[in-house]
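Using our numbering, the first residue of the sequence shown is number -3, and each one after it goes up by one.
Even glycine gets a Cβ: it sits at the ideal position worked out from N, Cα and C.
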Amino acid sequence: MSGNIEGGFEADQNAQNVAQNSLLEALQNGDINEEMRSLYESKFTKLFEVVMRIYEKEAVLKKRAQVLAQEKDGLEHDIRHNDDVKMENETKIHTLQEEVQKLNVDYGETKEQQITLDLQKKDMQSQIDEYKLVLAPLG
């Protein structure tokens, strides 16, 4: 197992050397026998492998967390931008609705004026027709 984890972490060889030296010293002092030294060394090796896997997973998770944080920042920026665009569009829609409403009012007024003009035209045409009838025998 490489012990070179993010930032130059190289504890594996050092830790193994310290553990082996401590076990040899305990063996030489008679604190443990060879069988116990072998058992402790085996347990240390297994424990060390577990710790190293945890460090490796932690490094991977930290990198993944950084990527996710960047993605989150990007998405938040997109959301803010989309909110701004939405507000602009809502303002445009409101303005256009007001313009349509005004045009509808203007159209209604124009239509009323057209009806009035049509009635006036019919009246005038009727008057012209009457004058023609009156003037026809004279002329």
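Starting from residue i, trace the alpha helix (DSSP H) both ways and give me its first and last residue.
{"i": "GLY104", "result": "30 to 131"}
Which residues in the same chain as residue i place their Cβ atom closer than 6 Å to its Cβ, once the five residues preceding and following it in sequence are excluded?
{"i": "ASP69", "result": "none"}
{"i": "ARG49", "result": "none"}
{"i": "ILE28", "result": "ALA22"}
{"i": "LEU134", "result": "none"}
Considering only the alpha carbon of each residue, which of the options lies closest to residue i?
{"i": "GLN9", "options": "PRO133, LEU23, PHE40, ASP27", "result": "PHE40"}
{"i": "ALA11", "options": "LYS98, LEU43, ASN25", "result": "LEU43"}
So, is residue i buried or exposed, given that buried needs 16 or more other C-beta atoms within 10 angstroms?
{"i": "GLY4", "result": "At GLY4 the pLDDT is 41, less than 50, meaning the model places this residue with poor confidence and gives no usable figure here."}
Is there a Cβ of chain D sitting closer than 8 Å to that of residue i, yes or no?
{"i": "LEU20", "result": "In the structure shown, chain D cannot be found, because there is only a single protein chain."}
In chain order, what residues of the same chain have a beta carbon less than 7 Å from the beta carbon of residue i, not counting five sequence neighbours either side?
{"i": "GLU95", "result": "none"}
To which residues of the same chain is residue i closer than 8 Å at the C-beta, ignoring the five residues directly before and after it?
{"i": "GLU37", "result": "ALA15, GLN16, LEU19"}
Query - Segment contact, 8 Å Cβ cut-off, at least three pairs: the segment 8 to 24 with the segment 33 to 42 - result: yes
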